[in-house]
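Enquirer: Sequence lines, in order, name chains A and B. My numbering puts the first residue of the first sequence at 37, with every later residue one more than the last. My numbering puts the first residue of the second sequence at 37, with every later residue one more than the last. A virtual CB, placed ideally from N, CA and C, is assigned to each residue, including glycine. Quick one: the structure is below, and I'll ask about it shortly.
There are 2 protein chains.
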Amino acid sequence: MAAVERRLEIRAGSHAYPAVVGSNVLEQAGAELARAGLRGRVRVVADELAWRCHGARLLEGLQVAGYAVAFTFIPSGETAKNLATLSEVYDWLLKVGVERGDCVLAFGGGVCGDLAGFAAATILRGVPLVQVPTTLLAQVDASIGGKTGIDHPRGKNLIGAFHQPRLVLADVGALATLPRRELAAGWAEVVKMAMILDAALFAELEAQPAALLDMEPALTARAIARSIELKGQVVAEDEREAERRMVLNYGHTIGHAIEAVTGYDVFLHGEAVAIGMVGASLLAERMGLLSPADRARQDALIAALGLPCSCPGLRPEALWMPMLQDKKARSHRLTWVLAPGPGQVALRRDVPTSLVDAVLHYLTTSTESPPVPV
Amino acid sequence: MAAVERRLEIRAGSHAYPAVVGSNVLEQAGAELARAGLRGRVRVVADELAWRCHGARLLEGLQVAGYAVAFTFIPSGETAKNLATLSEVYDWLLKVGVERGDCVLAFGGGVCGDLAGFAAATILRGVPLVQVPTTLLAQVDASIGGKTGIDHPRGKNLIGAFHQPRLVLADVGALATLPRRELAAGWAEVVKMAMILDAALFAELEAQPAALLDMEPALTARAIARSIELKGQVVAEDEREAERRMVLNYGHTIGHAIEAVTGYDVFLHGEAVAIGMVGASLLAERMGLLSPADRARQDALIAALGLPCSCPGLRPEALWMPMLQDKKARSHRLTWVLAPGPGQVALRRDVPTSLVDAVLHYLTTSTESPPVPV
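This is the structure we're talking about:
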């Protein structure tokens, strides 16, 4: 396959950092680090599975450029994203030695990026961070924007810091080993970005959902790069999550609640967000913001990607508690992110409780998926 | 005693926060929080001893202004400044509930301020922090500048974050219960600020060291406020510790090493810094930067405050390792902070190793204190 490469400049406050999306980015890792001005040693914190599949390419890419590299593994899976694993990463970093000129390189999915990113944010009060996301979800979402952190028994991401990466390397080739279900869940976040921010991207996605699942290289790299670009723009306007950044929460209010009540082991994050977007579009339609036709378009794209559109069997009342405990809730009032149409977004704090109840009831009883377009 | 109050505005990047120094500041805590725009609930993380002595005054000051307050204790002493205590503080904050509009109030010495500050920096990726230092050292040093963190078995403050407080309340009355030795160690940091940044303050201190140890109210408040102001100015120029902030490390290169090799339980931090300043002044004199007369003035003030001027019995070679491991060391080259005279500072990376050896030898063999001025 032909080499594909797109370079983006992500702004974050007074700084900016490059994000490189392409098919042979791992092999160029060392050259990219040098280009980004990172001259110290590289401390790699890697997801164990990702390392087994793609670690050799990264290692070669770093060593060919003369970098001194040390690496450690963290277990794959969300359960590793806790204070105990973080403590082990601290111990390892201080054992192999780390100075402020060295960088921490996170190699893996969102869990690894969040945890290693938080370690980078806090070791010696902060060392440079390089994000090398190896899942679609992490490439389009977690690696951009500077959010790092770990989970707590009382909830996800309750402990963390904002720490912008110095460089993001998204190797599209690394996605080839992803299970199809995980790939679809990653595309859910891209659908989200398109739905709230970019009607043209939305049209491109809905024109060829099968090609997305088949990872057609040019389309894949283009969609990933555009999604990164969009997220970068939102984050640049609002590094520390005041109002603007909340738009990224589209589909997440209900999505997070679904994940919480199912113990995070029934739905993948992107699947829960897909159901949340179906819920949000129904809210938007009932609020008179979104036309039935546009709602159908969104839901059809979600279904065409093989993503779930409902969560039958859950109790609507159970979903309320985690929604109110969300760390973005202010004094128990929910802000809903709604999409009045592809590429449009609105924040609403006036959604009636009864309407939310009705939507939750629908999501938890419906077993029909929207029709898949032919 | 007459009420004394001084208000300062500390700049930190694009923000600024007030520091209030005075004799009845705890009683006004609620009014000051309101004035600083903090309207949420107050989560107090308190040093156990400080709370027993002065907690009632703080609690009254907050409750009279209508604040909802919850409090927890951490054990007194540096050994509590670790990941285990931090984990307990996280658990407590999430149990009593914390939202982004609530604040964490650190009530105690530097250990409490650093640990509670780090919890505030990282819970929900950051909530507002109020520093209420109750020791002299914390009032003039730790509470200003936004450094927060915890220790690791491999070294002090190796894990942490920059998180500027929204408000600092320094109640001079709280110092009345401090042991005289701890008071003297606190004044060591004030001597440091004067020596590198303010010749007039230095002259004021050396004119009446006994009044400092007797806590003469007007002098005490004036010296504390000036020291806070000076530190605030340095930090404002360099929030994230590049070159400028390094001046604050005067006396700390050797001081930290002395603390490290003695396991942090022989000298108080300020005492180790005092010895470090004696060492730094000797280096500066030998480098031809500092006149013998000015060196004698500094050392005489240190001695007059009852602070140690040497550390007989330690091995000079043992002091080297922690100096080179300091997180500010860059590729094993030491930057020395030297004072060419009261109110003057110079950063030097050209201090010969042999000269440092000679100074370490002097400090570890000398048992003479400089003469106390009559």
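Near Val163(A), which residues of its chain fall below 7 Å by C-beta distance, leaving aside the five closest residues on each side in sequence?
Expert: Against the first sequence, residue 163(A) aligns to sequence position 127. Excluding sequence neighbours, Val163(A) sits near Val134, Arg136, Asp138, Cys139, Val140 and Ala156.
Enquirer: Return the CA-CA distance between Pro409(A) and Arg384(A), expressed in angstroms with no decimal places.
Expert: Along the first sequence, one-based indexing puts residue 409(A) at 373. Along the first sequence, one-based indexing puts residue 384(A) at 348. In this predicted model, Pro409(A) has a pLDDT of only 40, less than 50, meaning its place in the structure is not dependable enough to derive any value.
Enquirer: Name, please, each residue of chain B whose Cβ falls closer than 9 Å to the Cβ of Ala157(A).
Expert: Position 121 of the first sequence, counted from the first residue, corresponds to residue 157(A). Within 9 Å Cβ-Cβ: Thr158 and Ala197.
Enquirer: What residue from Ala178(B), Gly191(B) and Arg216(B) has the CA that sits closest to Phe198(B)'s CA?
Expert: If you number the second sequence from 1, residue 198(B) lands on position 162. Residue Ala178(B) is the option with its Cα nearest to Phe198(B).
Enquirer: Judging by CA-CA distance, which residue of Val270(A), Ile290(A) and Glu68(A) is the nearest neighbour of Gln361(A)?
Expert: Along the first sequence, one-based indexing puts residue 361(A) at 325. Per the Cα distances, Ile290(A).
Enquirer: Where do the N-terminal and C-terminal ends of the beta strand (DSSP E) with Cys89(A) fall, by residue?
Expert: Looking up residue 89(A) in the first sequence gives position 53. Element bounds for Cys89(A): not the beta strand (DSSP E) but the alpha helix (DSSP H), Glu84 to Gln99.
Enquirer: Kindly list, in the order they appear in chain A, the residues whose Cβ is closer than 8 Å to that of Lys192(B).
Expert: One-based indexing of the second sequence puts residue 192(B) at position 156. None at all; the shortest Cβ gap to chain A is about 12 Å.
Enquirer: Between which two residues does the beta strand (DSSP E) carrying Ile110(B) extend?
Expert: For this step, residue 110(B) is matched to residue 74 along the second sequence. Element bounds for Ile110(B): Val105 to Ile110.
Enquirer: To the nearest angstrom, report how far apart Ala412(B) and Ile311(B) are at their CA atoms.
Expert: No statement about residue 412(B) is possible, as the shown extent of chain B runs from 37 to 410 and does not include it.
Enquirer: Grouping DSSP H, G and I as helix and E and B as strand, with all else coil, what is Leu326(A)?
Expert: Locating residue 326(A) in the first sequence gives position 290, counting from the first residue. Correct three-state label for Leu326(A): coil.
Enquirer: Should Leu69(A) be flagged as near chain B, meaning a C-beta pair shorter than 8 Å?
Expert: Translated into the one-based positions of the first sequence, residue 69(A) becomes position 33. So no, Leu69(A) is outside the interface.
Enquirer: Hey, does Met37(B) have any beta-carbon neighbour from chain A nearer than 8 Å?
Expert: If you number the second sequence from 1, residue 37(B) lands on position 1. At Met37(B) the pLDDT is 44, less than 50, meaning the model places this residue with poor confidence; the figure from the coordinates comes in the next sentence. Judged by the 8 Å Cβ criterion, Met37(B) is not in contact with chain A.
Enquirer: Using 8 Å as the Cβ pair cut-off and three pairs as the minimum, do the region 181-193 of chain B and the region 206-225 of chain B touch?
Expert: Judged by Cβ distances under 8 Å, the region 181-193 of chain B makes no contact with the region 206-225 of chain B, as fewer than three pairs qualify.
Enquirer: Would you list, in sequence order, the uninterrupted alpha helix (DSSP H) runs of no fewer than 4 residues that lie entirely inside the region 258-300 of chain A?
Expert: With a minimum length of 4 residues, the continuous alpha helix (DSSP H) runs that stay inside the region 258-300 of chain A are 288-297.
Enquirer: Report the neighbours of Ser413(B) on chain A: residues whose CB is nearer than 7 Å to its CB, in chain order.
Expert: Residue 413(B) is absent from the model: chain B starts at 37 and stops at 410.
Enquirer: Mind checking Glu68(A): buried by the 16 CB within 10 Å criterion, or exposed?
Expert: As a position in the first sequence, residue 68(A) is number 32, starting the count at 1. With 16 or more Cβ atoms within 10 Å of its Cβ, Glu68(A) is classed as buried.
Enquirer: Determine whether the beta carbon atoms of Val270(A) and Arg280(A) lie at a separation below 8 Å.
Expert: Stepping through the first sequence from its first residue, residue 270(A) is reached at position 234. Stepping through the first sequence from its first residue, residue 280(A) is reached at position 244. Taking 8 Å as the Cβ cut-off, Val270(A) and Arg280(A) qualify as a contacting pair.
Enquirer: Which residue marks the beginning of the beta strand (DSSP E) containing Glu41(A), and which one marks its end?
Expert: For the purposes of this step, residue 41(A) is taken as the residue at position 5 of the first sequence. Note, Glu41(A): beta strand (DSSP E), Glu41 to Ala48.
Enquirer: Run through chain B and tell me which residues come within less than 7 Å of Leu130(A), C-beta to C-beta.
Expert: Within the first sequence, numbered from 1, the residue matching residue 130(A) stands at position 94. Under the 7 Å cutoff, chain B gives His188, Arg190 and Leu194.
Enquirer: Could you tell me the alpha carbon to alpha carbon distance between Cys89(B) and Tyr53(B), rounded to whole angstroms?
Expert: On the second sequence, residue 89(B) is found 53 positions in, with the first residue counted as 1. On the second sequence, residue 53(B) is found 17 positions in, with the first residue counted as 1. Taking the straight line joining both Cα atoms gives about 27 Å.
Enquirer: Where DSSP assigns a beta bridge to Cys139(B), which residues make up the other side?
Expert: Stepping through the second sequence from its first residue, residue 139(B) is reached at position 103. Answer is Val78(B).
Enquirer: Span of the alpha helix (DSSP H) holding Thr400(A)?
Expert: The residue labelled residue 400(A) in the question sits at position 364 within the first sequence. Here the alpha helix (DSSP H) through Thr400(A) covers Thr389 to Thr401.
Enquirer: Tell me, which residues are paired with Ala116(A) by DSSP?
Expert: Here residue 116(A) corresponds to residue number 80 of the first sequence, with the count starting at 1. Ala116(A) is not bridged to any residue.
Enquirer: For Pro352(A), list the residues DSSP reports as bridge partners.
Expert: Mapped onto the first sequence, residue 352(A) falls at position 316. Note: Pro352(A) sits in no beta bridge, so no partner.
Enquirer: Lys183(B) CB to nearest chain A CB: under 8 Å?
Expert: Within the second sequence, the letter at position 147 stands for residue 183(B). Yes, Lys183(B) lies at the interface with chain A (some Cβ there is under 8 Å from its Cβ).
Enquirer: Apply the 10 Å Cβ neighbour rule to Ser50(A) and answer buried if 16 or more other Cβ atoms are within range, or exposed otherwise.
Expert: In the first sequence, residue 50(A) corresponds to position 14, counting from 1. Its Cβ having fewer than 16 others within 10 Å, Ser50(A) is exposed.
Enquirer: Looking at chain A, which residues of the region 370-397 of chain B have a Cβ within less than 9 Å of any of its Cβ atoms?
Expert: Answer set for the region 370-397 of chain B: empty.
Enquirer: Measuring only the C-alpha atoms, how far is Ala246(A) from Gln167(B)?
Expert: Looking up residue 246(A) in the first sequence gives position 210. Looking up residue 167(B) in the second sequence gives position 131. Each residue's Cα considered, the two are about 56 Å apart.
Enquirer: For the beta strand (DSSP E) that Ala197(A) lies in, which residues bound it at each end?
Expert: Taking the first residue of the first sequence as position 1, residue 197(A) is located at position 161. Counting along the chain, the beta strand (DSSP E) containing Ala197(A) begins and ends at Gly191 to Phe198.
Enquirer: Leaving out five residues on either side along the sequence, give the residues of the same chain with a beta carbon under 8 Å from the beta carbon of Met323(B).
Expert: For the purposes of this step, residue 323(B) is taken as residue 287 along the second sequence, with counting starting at 1. Here the set comprises Leu374, Arg384, Val387 and Leu391.
Enquirer: If you drop the 5 nearest sequence neighbours on each side, which residues of the same chain put their C-beta closer than 7 Å to that of Leu325(B)?
Expert: Working through the second sequence from its first residue, we reach residue 325(B) at position 289. Excluding positions up to five away in sequence, the list reads Leu374, Pro376 and Ala382.
Enquirer: Met231(A) and Gln64(A) look like a contact to me (Cβ under 8 Å); what is the Cβ gap, rounded to whole Å?
Expert: Reading the first sequence from its first residue, position 195 is the one you call residue 231(A). Reading the first sequence from its first residue, position 28 is the one you call residue 64(A). Not quite, the Cβ-Cβ distance comes to about 33 Å (not below 8 Å), so this is no contact.
Enquirer: In chain A, what lies closer than 7 Å to Tyr126(B) by C-beta?
Expert: As a position in the second sequence, residue 126(B) is number 90, starting the count at 1. Near Tyr126(B) (Cβ distances below 7 Å), the residues of chain A are His188 and Ile195.
Enquirer: Tell me the rounded alpha-carbon separation between Phe154(B) and Gly191(B).
Expert: Here residue 154(B) is taken as the residue at index 118 of the second sequence, counted from 1. Here residue 191(B) is taken as the residue at index 155 of the second sequence, counted from 1. Distance between the alpha carbons of Phe154(B) and Gly191(B): 17 Å.
Enquirer: Put Asp187(B) into one of helix, strand or coil per three-state DSSP.
Expert: Stepping through the second sequence from its first residue, residue 187(B) is reached at position 151. In the structure shown, Asp187(B) sits in a strand (DSSP, three-state: E or B).
Enquirer: Can you tell me the Cα-Cα spacing of Ala283(B) and Asp150(A), whole angstroms?
Expert: Start at 1 with the first residue of the second sequence, and residue 283(B) comes out as number 247. Start at 1 with the first residue of the first sequence, and residue 150(A) comes out as number 114. The sequence given here has Val at residue 283(B), not Ala. Each residue's alpha carbon lies about 34 Å from the other.
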